[in-house]
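Here is the structure we will look at, set down as C-alpha cells.
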Amino acid sequence: MVLPGVNAVTGEGLADFADTHLRSQERLMSRFNPNSPVSELNRCGANEAFAPPPALWKILWQCREHWQRTRGAFDITQWPLNRLWREHLERGEPPSDDAINETRARTGMERMRFDASSRTIKFEAAGQGIDLGGFGKGYALEQLAVCFRERGVARAFFSFGESSVTVIGSHPHGPTWPVGIANMFHPETSVHSFSLRDASLSTSGTAPFNQTGGPQTFGHIINPRDGRPIAGYRTMSVTVPNAADAEVLSTALLVTAEADRAEILKTYPNVSAIEFVYESRGNDFAPRIQWRYET
Amino acid sequence: MNPAATILRRASNGDMKHDSTPSPPVLNELTHRREFLKRLAVIAGSTALLAEMPWWSPLRAAPPGDSPADRVRVGLVGVGSRGNLHLTNLLRTPGVEIAALCDDYDPHLQAGLAKVPGAKGFSEYRKMLDMPGLDGVVIATPLNLHAQMCLDAFSAGKHVFCEKSLAYTIEECQAIANAYRGSKKVFQIGHQRLFHPPYLRALEFARRGEIGDIKQIRAYWHRNGNWRNPCPSPELEHRLNWRLYRAYSCGLMTELASHHIQVANWFLEAHPLSVVGYGSINFWKDGRELYDNVNLVYRYPNGVHVIFDSLISNRFYGAEVQIMGPKGTIEGETGRLFAEKPPPAPGIVQLINSLEHGLFETIPIGGPSWVPDLKKDTKGIVLGNEHTGDDGSYLEIVAFANAIRRNEPIPNMMEQACLSGVAVLMGQTAMEQGREVTWPSDFKV
C-alpha cells in the first residue's frame, strides 16, 4: 500500500484500519481457518441447509451472479478438482479420466442451491465445497478502496500480492497510475503497461515458479468446463473499475475460448484485457500477445 | 553470507542423517563422520568464526586416524539419560576410546557396559580416576555431585567434561573455576547451544546489527509431563528422580533455565546484575520439592532485562529464546530472524523510489504469482538450515576429544559455565527467599 502525500500519523492509522479490515475479511472467507463460516459450509453434507452470516451471503450471491454472467467460467466450487490435479501432478502423473469425472460430480455451482427467501445454501452432492481465493482478494480490496475514499484519501496504490492492484486517483506526477505487467521470466521488465485511474488490475496465469522461486509443480488453472488444466504458460490481465470484477474476469477469460469471450464482456462495462502466451525460445521464453480487448 | 556458515552447510551435506537410523554399521558411520569433521575443520579455522566463538578452535583439527597415538581414552561417570546420549556421541567420535563407565546404580552401569563391551565398569568414580591411562572424564551425574567430581578429576590430572549446570552452589562454582585455573587441563561444559549451527548464524546476524542493539530477551521452556523417571522401588526415588529434590538439584533452573541464561549471557556479553522471581508447585503436587513452574526477571547492564519462565503443566508454546532489538527478533531455538520492517516486494520499492524522485514511469508489478508483502514478518528468515542433525551435543564432545588430543584448553568455556551456573543459582535463591539477589561481586572466573 502506497499513500502519496499522506503524513505518517494518518498513514499509520490507515494501515491499521486496512490490517483490521483485511483480517476480518479473511476470518469470514478463509477455508483454511476451521472456524470460518466458509469452513462450516464446507463441512455440510448433501442437502444440508446452511445459513451463512449476512456478509457471507452477500459475497456468495455475488459469486453466483458472476458465475451466471461468465457462463460458468468463474466458479467457486472448483477446488476439489484443483486438489485432485495438484496431488496427482506432485506424484508425477495426471489423474485418470474416472477420477476427474468422479470429482467433477462434486463441483459446479449448478450443484449449489441458493434459497433467497430463507437465505440458505445447500450442496446437492456430498463432498462439495467452496474456495473464495479467486474472489476474496478483489472483494476485500474493493471495500478497502471505498472506505479510503470515504476517509478523504485522494491518491493510493494497493498491491495485494502483486496479482491484484487497485488505485485511487492518479500518480502524483501524472494523469494516471502506470502499472506494468511483469514478464514472468524476467520480472524486472514489463510486457505491457496499463494506465489506471480509479481502477483495478488483476492478472491470472500459469506461473512457472512457486512463491519461493522454485519450479512450480502445479501452477495450473482448471477449466470448469472440462475439469482439466489450461495448457502452456499464459497470463490474462484485466482492468476494470471494480476490484472484484477484475479478479473474476482475469480467471474467467483465461479459461474461456477466445470466440466466447466477447459474450461474457457484454455484461462488464469498461474492461481492458490482454492475454500473453509465453513461447519457448531456446533456453528462454518469449511473450506474445495472444488476445486483446478494449471497450 | 558468512563464509563460515556457507562451508558449514557444505560440510554437513546430508551425511548426518544417519542419526535417526537405528544401527548403521559403525565403521561406515565413522567414515562418514570423519568426512564431515574434516570439512568442518576448514571452517572452524576461519578467523571470523573464532573471533566470535573461540571455543570452536578444537574443531579446527582434522579428524584423527586409527593410530593408537591419536586415541583419547575417556571415562564416563553417570550413565543415565544424558549420560547415554554422551555415550552414543562418544562412540561416534573418531579417535575416542571409552575406557571406563561408572555408575552407582548397577542397572544403568550394566546397560552402558553392554553398549561398550571393552570398557571397565566402576561403581565408585574415585576408583575410576585411579585407573591408569585415562585422559579425561565426562561427568553426567546429579548436580550436587558435579563439584566434588570435577575437583577430584582435576587433582587426578584429568581433563573434564561436566554436564550443565556447573554446580550446586556458587561457592562450588568458584572452587571449580579455581581448580581449573591451576590445572592446565581441558574443561568443557554441556551447554550444547554453543556448538549449535543455527545459534552460530543467529549470533552472526545479531553481531552484524541486523536486529539493532538487544533490548530484551524473553525465554521460556514449557513442557507437559511430570518430569519423572520410572522408579522400580520407592527407596530409589531420590536417586532416579533427583531433579525433583532440593538436596540434589535446583530443578527447572539448573536443568532447563541454565541453557537459556547461557544464551542470554552470550548474546549480551554480560552476566546478570540481579534477579527477582517467583516459583511454586501448583500442579504436580506429588511429594516433589522443586518448583513445577518458575518466573524470573534478570537485570543486565544498560537496563536490559531477560525474562525466563518455565512450567511443566502446559507445553503449548514449547521452548524458545526470543532476542529482541529495535530492528528485529531472533528466535534462537527454532533459528529464525523476524525483521520489524521486512523489505517490501521489489515492485513496491521501485514505485516508492520513483515517487520520491518525481518520476512518472511504469513499474512492472502485476503478475500472476503471489508475492507476500506483509506488515508483520510472520515467516522470518531461517537461520539454521545446516542439517547436521545435531543440536551441538555431538560437536561439544568432538571439541572435547580434540582439545585433549591437542592438549589445548577450550577458550571461554569455564567463563560460560560459571556465568550461567551462578545466574541460575541466584534465580533459585531469589525465588526461595522472596528477594532480589545480586551478582556475587567477589566471584572470579
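Those sequence lines, one after another, are chains A and B.
When the first sequence is numbered by the numbering used here, its final residue is 305 and no position is left out of the sequence of numbers.
When the second sequence is numbered by the numbering used here, its final residue is 564 and no position is left out of the sequence of numbers.
Ideal placement from N, C-alpha and C gives every residue a C-beta, glycine not left out.
- Rounded to the nearest angstrom, the gap between the Cα atoms of A/R235 and B/N345 is 59 Å.
- Our two residues, A/E273 and A/L13, have alpha carbons roughly 37 Å apart in a direct line.
- Put simply, the CB of B/F479 is near chain A, with a gap under 8 Å to one of its CB atoms.
- One alpha carbon belongs to B/L363, the other to B/L409, and they sit about 5 Å apart.
- For A/D26, no beta strand (DSSP E) encloses it; the enclosing alpha helix (DSSP H) starts and ends at 18 to 39.
- Given a length threshold of 4 residues, each whole run of the alpha helix (DSSP H) inside the stretch 245 to 269 of chain A is given here in chain order: 253 to 264.
- Rounded to the nearest angstrom, the gap between the Cα atoms of B/I308 and B/M533 is 7 Å.
- The stretch 187 to 228 of chain B is shown to contain whole alpha helix (DSSP H) runs of 4 or more residues at 200 to 210, in chain order.
- In its chain, beyond the 5 residues on either side, D510, G511, S512, E515 have a beta carbon closer than 7 Å to the beta carbon of B/Q311.
- For B/V423, no alpha helix (DSSP H) encloses it, and the DSSP letter there is neither H nor E.
- Under the 8 Å criterion on CB atoms, B/P445 is classed as non-interfacial with respect to chain A.
- Beta-bridge partners assigned by DSSP to A/M122: A/F133.
- Secondary structure note for B/H265: its alpha helix (DSSP H) is the uninterrupted segment 262 to 274.
- Contact with chain A is absent for B/I523, since none of that chain's Cβ atoms lies less than 8 Å from the residue's Cβ.
- Rounded to the nearest whole angstrom, the C-alpha separation of B/V423 and B/A376 is 18 Å.
- Interface criterion not met: the Cβ of B/G454 is under 8 Å from no Cβ in chain A.
- Scanning its chain for C-beta atoms nearer than 6 Å, with the 5 sequence neighbours on each side dropped, one finds around A/A209 the residues T249, P251, in chain order.
- Residues of chain B with a Cβ closer than 8 Å to the Cβ of A/V12 are, in chain order, I467, L470, I471, L474.
- DSSP places B/M372 within a helical segment (H, G or I) once states are collapsed to three.
- In the displayed model, A/D294 falls within a strand according to three-state DSSP.
- The beta carbon of B/G546 lies closer than 7 Å to those of M372, A376, V394, G396, L415 in the same chain, with the five residues before and after it left out.
- Any Cβ of chain B closer than 8 Å to the Cβ of A/F167 would place that residue at the interface, and such an atom is present.
- Interface flag for B/I482 against chain A is set, since a Cβ pair is found closer than 8 Å.
- Contact of A/H181 with chain B by beta-carbon distance below 7 Å involves F479.
- Measuring C-alpha to C-alpha distances from B/S368 to each of B/I162, B/R245, B/T212, B/Y287 identifies B/Y287 as the nearest.
- The DSSP assignment places complete alpha helix (DSSP H) segments of no fewer than 4 residues inside the stretch 230 to 263 of chain B at 244 to 249, in order along the chain.
- Burial state of B/Q552 is exposed, judged by a 10 Å Cβ sphere holding fewer than 16 other Cβ atoms.
- Proximity of chain B to A/T199 at the Cβ level (cut-off 8 Å) is accounted for by P483, in chain order.
- Interface annotation, A/E172: in contact with chain B, CB-CB separation under 8 Å.
- Under the three-state reduction of DSSP output, B/C281 falls in the strand class.
- Annotation: B/V556 to B/M268 spans about 28 Å, alpha carbon to alpha carbon.
- Taking 8 Å as the cut-off, the beta carbon of B/N384 is found no closer than this to the beta carbon of B/S274.
- Membership of B/F435 in any beta strand (DSSP E) is not indicated, and neither H nor E is assigned to it by DSSP.
- Interface annotation for the stretch 23 to 56 of chain A against chain B: A25, D29, criterion Cβ-Cβ distance under 8 Å.
- Here the C-alpha atom of B/E480 lies approximately 26 Å from the C-alpha atom of A/L24.
- For B/H378, the enclosing alpha helix (DSSP H) begins and ends at 377 to 387.
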